[in-house]
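Below is one structure; the comments refer to it alone.
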Amino acid sequence: MWLVRFLMSSIGKKLVMATTGLLLVLFLFTHAAGNATIFMSSDVFQSYADELHSHPLIVIIFSLSILLIVFAHIGVGLFLFYENRQVAKSRYAVSTRVVKNSFASETMPYTGLVILAFLFVHIFGFTFSSEDVNISVTVKELLSNFFYALFYIVAFLALAIHLSHGFWSMLQTFGISHPRYDILLARLTIAVPVFFFVIFGGVAFYFMTGLGSSF
Amino acid sequence: MELNSRVPSGPLAEKWKNHQFSNKLVNPANRRKYSAIVVGTGLAGASAAATLAEQGYQVKSFCISDSPRRAHSIAAQGGINAAKNYQNDGDSVHRLFYDTIKGGDFRSREANVYRLAEVSNQIIDQCVAQGVPFAREYGGTLANRSFGGAQVSRTFYARGQTGQQLLLGAYSALSRQIHEGKVEMYTRREMMDVVIADGKARGITTRNIMTGEIESFSADVVILATGGYGNVYFLSTNAMASNVTSAWRAHKRGAGFANPSFVQIHPTCIPVHGDYQSKLTLMSESLRNDGRVWVPKKNGDTRNPADIPEEERDYYLENKYPSFGNLVPRDVASRNAKEQCDQGKGVGNTGLAVYLDFAEAIKRDGKDTIMKKYGNLFQMYEKITDSNPMEEPMMIYPAVHYTMGGLWVDYDLMSTIPGLFAIGECNFSDHGANRLGASALMQGLADGYFVIATSIAHYLGTNKLDTISHHDEAFLSSRREVEDRIAKLLKNSAGGPAGKFTVDEIHKELGHLMWDNCGMARNKADLEKALEELPKIKQKFWDYVYIPGEGKELNQSLERAGRLADFLEFADIMIRDALAREESCGCHLREESQTEENEAKRDDKNYSHVSVWEHLGEDNEPALHKEELAFEFVTPSQRSYK
Amino acid sequence: MSSINLTLKIWRQPNSDALGNLETYSLDGIHTDMSFLEMLDVLNEKLTKESKNPVVFDHDCREGICGMCGAVIDGVAHGPEKEITLCQLHMRNFSDGDTIVIEPFRSRAFPVKKDLLVDRSAFDRIIQAGGYVSVNTGGTPDGNTIPISQVKAEYAMDAAACIGCGACVASCPNGAAMLFTSAKVSQLALLPQGHAERKQRATAMVTTMDEEGFGNCTNAKECEAVCPKGISIRNIARLNREYLSAVLLKDD
Chain A
1 MWLVRFLMSS IGKKLVMATT GLLLVLFLFT HAAGNATIFM SSDVFQSYAD
51 ELHSHPLIVI IFSLSILLIV FAHIGVGLFL FYENRQVAKS RYAVSTRVVK
101 NSFASETMPY TGLVILAFLF VHIFGFTFSS EDVNISVTVK ELLSNFFYAL
151 FYIVAFLALA IHLSHGFWSM LQTFGISHPR YDILLARLTI AVPVFFFVIF
201 GGVAFYFMTG LGSSF
Chain B
1 MELNSRVPSG PLAEKWKNHQ FSNKLVNPAN RRKYSAIVVG TGLAGASAAA
51 TLAEQGYQVK SFCISDSPRR AHSIAAQGGI NAAKNYQNDG DSVHRLFYDT
101 IKGGDFRSRE ANVYRLAEVS NQIIDQCVAQ GVPFAREYGG TLANRSFGGA
151 QVSRTFYARG QTGQQLLLGA YSALSRQIHE GKVEMYTRRE MMDVVIADGK
201 ARGITTRNIM TGEIESFSAD VVILATGGYG NVYFLSTNAM ASNVTSAWRA
251 HKRGAGFANP SFVQIHPTCI PVHGDYQSKL TLMSESLRND GRVWVPKKNG
301 DTRNPADIPE EERDYYLENK YPSFGNLVPR DVASRNAKEQ CDQGKGVGNT
351 GLAVYLDFAE AIKRDGKDTI MKKYGNLFQM YEKITDSNPM EEPMMIYPAV
401 HYTMGGLWVD YDLMSTIPGL FAIGECNFSD HGANRLGASA LMQGLADGYF
451 VIATSIAHYL GTNKLDTISH HDEAFLSSRR EVEDRIAKLL KNSAGGPAGK
501 FTVDEIHKEL GHLMWDNCGM ARNKADLEKA LEELPKIKQK FWDYVYIPGE
551 GKELNQSLER AGRLADFLEF ADIMIRDALA REESCGCHLR EESQTEENEA
601 KRDDKNYSHV SVWEHLGEDN EPALHKEELA FEFVTPSQRS YK
Chain C
1 MSSINLTLKI WRQPNSDALG NLETYSLDGI HTDMSFLEML DVLNEKLTKE
51 SKNPVVFDHD CREGICGMCG AVIDGVAHGP EKEITLCQLH MRNFSDGDTI
101 VIEPFRSRAF PVKKDLLVDR SAFDRIIQAG GYVSVNTGGT PDGNTIPISQ
151 VKAEYAMDAA ACIGCGACVA SCPNGAAMLF TSAKVSQLAL LPQGHAERKQ
201 RATAMVTTMD EEGFGNCTNA KECEAVCPKG ISIRNIARLN REYLSAVLLK
251 DD
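Keeping their order, the protein sequence lines are chains A, B and C.
If you're matching positions, the first sequence starts at 1 in this note's numbering and goes up one per residue.
If you're matching positions, the second sequence starts at 1 in this note's numbering and goes up one per residue.
If you're matching positions, the third sequence starts at 1 in this note's numbering and goes up one per residue.
Structure below.
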């Protein structure tokens, strides 16, 4: 079948990574928008959460889709990581990277795994938290713990690094490259990770430092 | 040796058409029963193999490199001529024909050159259709540039990489036929012999470079597209693997070798800078449009060029040739550079260089304009020499570049061995005594795409060929001879390298002998001396060459030794040819035959012929035959660039 | 002109089945005006005189266009200078006393045959799969029939400049051949002559590329950084686009 052949091809696998990556970025935007309400007040945040949970069907479909996308992204990513390691194993006695700032692209699998670890902690802490306690209370409680918040910030840093290669790489894989838009795309590749880091990291920082003590 | 050029009768413009019609054909269903061997995958070889396979023949294609795309046609920079007259500046098939035959100093065959000019237009169409990215005007039409030896703008180009792009076009056509199973491609094979059965060429013996295996391949026709022999001089602009072996082995089996002494020496190359040097790099001729050539007036002046005042410089080309100035043809520019250096006015460490100065052009047009025109050439020069032509003048010196001589062929491009064809630089056919810029690409592709298929059909249609197998005696004996020769090459090496010479050491010695005595300017005494010295070098080679490793393995020293052995034999007819031609013409300057102003003086009464050499065995002197050149449609005139 | 002394560590491997290793050689009095390959010639002459086997390496035109030469010099394909092939690298880029590590271009798809010589025939098979316009000799329309914008022709030429040396594969952390494949696909996608077959071409060439054992592209840009002809990874984006539209919209 052409679709299977396509998905198994080198470019096909990359397109799976790019497509799922794009969907995850879009999800992060909605998530960030929701989180931003924390900076307004606990009431606004709580009512946003309540509103969301008053549509259980949507939440279930949405969550399952995200899960599927995450699995695809991680699964194909790890498969590519494995395949690439097979090629790269002890190739050269001296190996030198010519491209400057290649840190992000070299560490994609690792930053990805840090994000995965974060996901477990995050889902365990929030999604499966006690239904009796308001989510706004849980947020404040968990993130006021210095090390818990620090872990969050580190994970968001990993996310930012991951995206600083991943976002551009996704566009490149989709074939989005044109001299006119090179600068715009390069700036977006910085702006998007920074945006997520500021919003998500900001929340952790907000509680960690006690700025949100009156939340 | 019978030299029947088989030039068709009739008016010049009708010859090719008539010939195509009168030639026999092979019907499409029958073509698959015939096979052809094509040796070489440059412009001529790749285009021939692809075209024959498209028509339905079974083709076996051979190349010396790891891929057919590496052939040295790839290095041609400037462009390819065609008589399209897109610029509306008065070009025509007849003008291209005339320019080419005049540029060749009236030492080529009218009918062949006319056909070349005729098919030149089809070549451009063919290459465009293949997706060759020729330079374009803003409106989207094809762009042209002008080139030496012509007063019209007829050269098509793809940046400074025209040869590369045309070769990749032919390579892609070849690749398509390989994919369709119509061409069997054999890479890393060196042709060692042509196999003759029943007086006809029926196959080749090759050495597999990766394994050292000696192999045989049979076919109905054999086509050689193996390029030129410039590396006989050791240093040339040719690729390292370019060699004379295939042509020479064919010659030893009975193919006449025409005009071996006709070697083009390109005036603008980067000078030799050390003994270790392996090759010379060409700088495009276009530099002479803005650069001024000069040497110091005083002998042995070692001052920095900037410190030499204007009145102490000799702009010798401008002074001597006021109307053409720095833009005289290649042979004239080369000879004058040599003359200045011989007088002790040469510059640089070795004294074998002249200045090519852009200072005035920079002052006149500005740095930006000059950089735009020549930027990449300047960078290339700076990478090699570590000197910036924007700040100090370039140093240039002539270098061996192209060989007009080659296997003698008739109008059908068939050699004196029936069934053995030679195309591209490997034959002698179209450039006479001097080739014009941008004509080599044209000839290679004309032969491969548009001429050879007609000839092959005619040959197959008029000859009855027996079935043959590469187990037949002719193949076995050829293989034995090749193996014996390799054994002979290796025989001295068992005792170790002490007291022996490496292949390159002897090759350099041959190179010096040829460059000094059979190079840019030749005279009887030097040539006779060279003819005396040559056997000594040859003897030294066979007695004292040291080749590490074995025959049945990848052995690059052995490959080079085999090629050098053939260059050493070939050099003999080169010198003899130069000696026998007691006139000057095109690239060939005999010092005895000059005008009062030291220009080449042709002798049409005695030398209006092609010199064709016949091999008569190892111990006999070769025989010289002549194909008289008849000029029915043009009148030979003395070239003048004053 | 000055001269320098060097220590060379060169990969020696007698044949494709044997295990190779880095051998150390010292080489004195190397002129800085020499090219890198001329330096290897000098070494080989020396080894020959010492009754040792010379280092086998591929080379031909020695002016940076045939694509035959190439090795990894201190971890960088074609050495430290930008946009040149190994034959165009000159010894003035090195200093007296330097140690230079010379290894073959490595990739699963480029088996080492001997010393620095590798088998790059996989590249030919990628081209054979579709790197052409299927047009027979003769009967083609006049060259000026189809106007092609100058900019498009220049872009096509940028891509067509590829010399097939394999440095992109050698330098790619994953041994991918995307830059090579994309250069040919781009050239023919940019020109109208290539349009009739563009879908077929993109799928066939990518399929062959994968079958030959080249790795996956992770957009690490190393290929572009070492390419002697400065071929841009924009071509890879174009290949991705071509491939995606070919797979999704092929008319069969």
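Note that CB positions come from ideal geometry on N, CA and C, so glycine has one too.
Values in this document were obtained by computation on a predicted structure and should not be read as measured data.
**OP:** For L589 (chain B), name the three-state secondary structure that DSSP assigns.
**Re:** Here residue 589 (chain B) refers to the residue found at position 589 when the second sequence is read from its first residue. L589 (chain B): coil per DSSP, three-state reduction.
Original post:
D66 (chain B): beta carbon under 7 Å from a heavy atom of the ligand NAP?
Top reply: As presented, the structure is devoid of all ligands, the ligand NAP included, so that no description of it is given.
Subject >> Cutoff 8 Å: R266 (chain C) Cβ touching any chain B Cβ >> reply: Look at the range of chain C in this structure, 1 to 252, and you will see that residue 266 (chain C) is not part of it.
**OP:** Please classify H31 (chain C): does DSSP put it in a helix, a strand, or coil?
**Re:** Counted from its first residue, the third sequence places residue 31 (chain C) at position 31. In this structure, H31 (chain C) counts as strand in the three-state DSSP scheme.
Original post:
With T111 (chain A) and H55 (chain A) assumed to form a contact (beta carbons below 8 Å), what rounded beta-carbon distance in angstroms separates them?
Top reply: Residue mapping note: residue 111 (chain A) aligns to position 111 of the first sequence, counting from 1. Residue mapping note: residue 55 (chain A) aligns to position 55 of the first sequence, counting from 1. Contact doesn't hold; Cβ gap of about 33 Å is too wide.
Original post:
Beta-carbon of F123 (chain C) versus every beta-carbon of chain B: anything under 8 Å?
Top reply: For the purposes of this step, residue 123 (chain C) is taken as residue 123 along the third sequence, with counting starting at 1. Chain B contact via Cβ: present.
Subject >> Contact set between Q46 (chain A) and chain C, taken where Cβ atoms lie within less than 8 Å >> reply: For the purposes of this step, residue 46 (chain A) is taken as residue 46 along the first sequence, with counting starting at 1. Per Cβ cutoff of 8 Å: no residues; Q46 (chain A) is ~42 Å from chain C at best.
Original post:
Quick one, which residues of the segment 92-126 of chain A are near chain C if we go by CB-CB under 8 Å, in chain order?
Top reply: Y92, A93, V94, S95, T96, R97, V98, V99, S102, S105, E106, M108
Original post:
Count the other CB atoms within 10 Å of the CB of N319 (chain B); is the residue buried (16 or more) or exposed (fewer)?
Top reply: Mapped onto the second sequence, residue 319 (chain B) falls at position 319. Per the 10 Å Cβ criterion, exposed.
Subject >> Under 8 Å between C-beta atoms of A441 (chain B) and I80 (chain B) >> reply: As a first step, residue 441 (chain B) must be located in the second sequence, where it is residue number 441. As a first step, residue 80 (chain B) must be located in the second sequence, where it is residue number 80. Position check: residue 441 (chain B) holds Leu in this sequence, whereas Ala was assumed. Closer than 8 Å, so yes.
Original post:
Thinking just about the alpha-carbon of each residue, which of C:S3, C:T24, C:M178 is nearest to the one in S35 (chain C)?
Top reply: The residue given as residue 35 (chain C) occupies position 35 in the third sequence. Taking only the C-alpha atoms, the option nearest S35 (chain C) is C:S3.
Original post:
Does the beta-carbon distance from G351 (chain B) to V612 (chain B) come in below 8 Å?
Top reply: Position 351 of the second sequence, counted from the first residue, corresponds to residue 351 (chain B). Position 612 of the second sequence, counted from the first residue, corresponds to residue 612 (chain B). No, the Cβ-Cβ distance between G351 (chain B) and V612 (chain B) is not below 8 Å.
Original post:
Shorter than 8 Å from the beta carbon of N5 (chain C) to some beta carbon of chain B?
Top reply: Taking the first residue of the third sequence as position 1, residue 5 (chain C) is located at position 5. Output row for N5 (chain C): interface = no.
**OP:** Assign I183 (chain A) to buried or exposed, taking buried as 16 or more other Cβ atoms, counted over all protein chains shown, within 10 Å of its Cβ.
**Re:** Along the first sequence, one-based indexing puts residue 183 (chain A) at 183. That one is exposed.
Subject >> Start-to-end residues for the beta strand (DSSP E) that takes in L224 (chain B) >> reply: By 1-based counting over the second sequence, the position of residue 224 (chain B) is 224. Element bounds for L224 (chain B): 221-224.
**OP:** Return helix, strand or coil for F167 (chain B), following the three-state DSSP convention.
**Re:** Taking the second sequence and counting its residues from 1, one reaches residue 167 (chain B) at position 167. As written in the sequence, residue 167 (chain B) is Leu, which differs from the Phe given in the question. Helix, per DSSP.
**OP:** Give every residue of the same chain whose Cβ lies closer than 7 Å to the Cβ of V247 (chain C), excluding the five residues on either side of it in the sequence, and list them in chain order.
**Re:** Start at 1 with the first residue of the third sequence, and residue 247 (chain C) comes out as number 247. Once the five neighbours on either side are set aside, the close Cβ partners of V247 (chain C) are T203.
Original post:
What does I102 (chain C) pair with, by DSSP beta-bridge criteria?
Top reply: As a working mapping, residue 102 (chain C) is identified with position 102 in the third sequence. Answer is C:I10, C:I73, bridged to I102 (chain C).
Original post:
P80 (chain C) CB to nearest chain B CB: under 8 Å?
Top reply: Here residue 80 (chain C) refers to the residue found at position 80 of the third sequence. For P80 (chain C), the answer is no, since every Cβ of chain B falls outside 8 Å of its Cβ.
Original post:
Is there at least one Cβ from chain B nearer than 8 Å to G20 (chain C)'s Cβ?
Top reply: Translated into positions along the third sequence, residue 20 (chain C) becomes position 20. No, its Cβ sits nowhere closer than 8 Å to a Cβ of chain B.
**OP:** May I ask you to verify whether the segment 8-17 of chain C touches the segment 112-119 of chain C, counting CB pairs closer than 8 Å and requiring at least 3?
**Re:** yes
Subject >> Status (buried if at least 16 other CB within 10 Å, exposed otherwise) for H251 (chain B) >> reply: Here residue 251 (chain B) refers to the residue found at position 251 of the second sequence. Burial call: buried.
Original post:
Using a Cβ-Cβ distance under 8 Å, would S134 (chain C) count as near chain B?
Top reply: The residue given as residue 134 (chain C) occupies position 134 in the third sequence. Using a CB distance cut-off of 8 Å, S134 (chain C) counts as an interface residue toward chain B.
Original post:
Which residues share a DSSP beta bridge with M649 (chain B)?
Top reply: Within the shown structure, residues of chain B are numbered from 1 to 642, placing residue 649 (chain B) beyond reach of any answer.
**OP:** Whole angstroms is fine: what's the gap from L239 (chain C)'s alpha carbon to P104 (chain C)'s?
**Re:** Taking the first residue of the third sequence as 1, we reach residue 239 (chain C) at position 239. Taking the first residue of the third sequence as 1, we reach residue 104 (chain C) at position 104. C-alpha separation (whole angstroms): 28 Å.
Subject >> Beta-ladder partner(s) of A197 (chain B), from DSSP >> reply: The residue labelled residue 197 (chain B) in the question sits at position 197 within the second sequence. Note: A197 (chain B) sits in a beta bridge opposite B:K200.
Original post:
Under 8 Å between C-beta atoms, does I84 (chain C) make it to chain A?
Top reply: For the purposes of this step, residue 84 (chain C) is taken as the residue at position 84 of the third sequence. Output row for I84 (chain C): interface = no.
Subject >> Candidates C:E81, C:V76, C:S95, of which the one nearest V94 (chain A) by Cα >> reply: The residue given as residue 94 (chain A) occupies position 94 in the first sequence. Nearest of C:E81, C:V76, C:S95 to V94 (chain A), Cα basis: C:V76.
Subject >> Neighbour list for Y546 (chain B) in chain C, Cβ cutoff strictly below 7 Å >> reply: As a position in the second sequence, residue 546 (chain B) is number 546, starting the count at 1. What Y546 (chain B) touches in chain C: T48.
Original post:
Along chain A, in chain order, which residues have C-beta atoms closer than 9 Å to that of D115 (chain C)?
Top reply: Within the third sequence, residue 115 (chain C) is the residue found at index 115, counting from 1. The premise fails here: D115 (chain C) is roughly 14 Å from chain A at the closest Cβ pair, so nothing lies under 9 Å.
Original post:
When burial is assigned at 16 or more other CB atoms within 10 Å of the CB, is V151 (chain C) buried or exposed?
Top reply: Within the third sequence, the letter at position 151 stands for residue 151 (chain C). Looking at its Cβ environment, which holds fewer than 16 other Cβ atoms inside 10 Å, V151 (chain C) is exposed.
**OP:** Note down the Cα distance separating V152 (chain B) from L420 (chain B), rounded to an integer number of angstroms.
**Re:** Sequence index remark: in the second sequence, residue 152 (chain B) carries index 152 (1-based). Sequence index remark: in the second sequence, residue 420 (chain B) carries index 420 (1-based). Distance between the alpha carbons of V152 (chain B) and L420 (chain B) is about 37 Å.
Original post:
How big is the Cα-Cα spacing for L7 (chain A) and L15 (chain A)?
Top reply: For this step, residue 7 (chain A) is matched to residue 7 along the first sequence. For this step, residue 15 (chain A) is matched to residue 15 along the first sequence. Distance between the alpha carbons of L7 (chain A) and L15 (chain A) is about 8 Å.
Original post:
Name the DSSP beta bridge partners of L47 (chain C), please?
Top reply: If you number the third sequence from 1, residue 47 (chain C) lands on position 47. Bridge partners of L47 (chain C): none, in fact.
Original post:
Which residues mark the beginning and the end of the alpha helix (DSSP H) in which H507 (chain B) is found?
Top reply: Within the second sequence, the letter at position 507 stands for residue 507 (chain B). From DSSP, the alpha helix (DSSP H) with H507 (chain B) extends over 503-517.
**OP:** Please list, in chain order, all residues of the same chain as V295 (chain B) whose beta carbon is under 6 Å from its beta carbon, the five residues on each side excluded.
**Re:** Residue 295 (chain B) sits at position 295 when you count from the first residue of the second sequence. The residues are D314, Q340, K345, V354.
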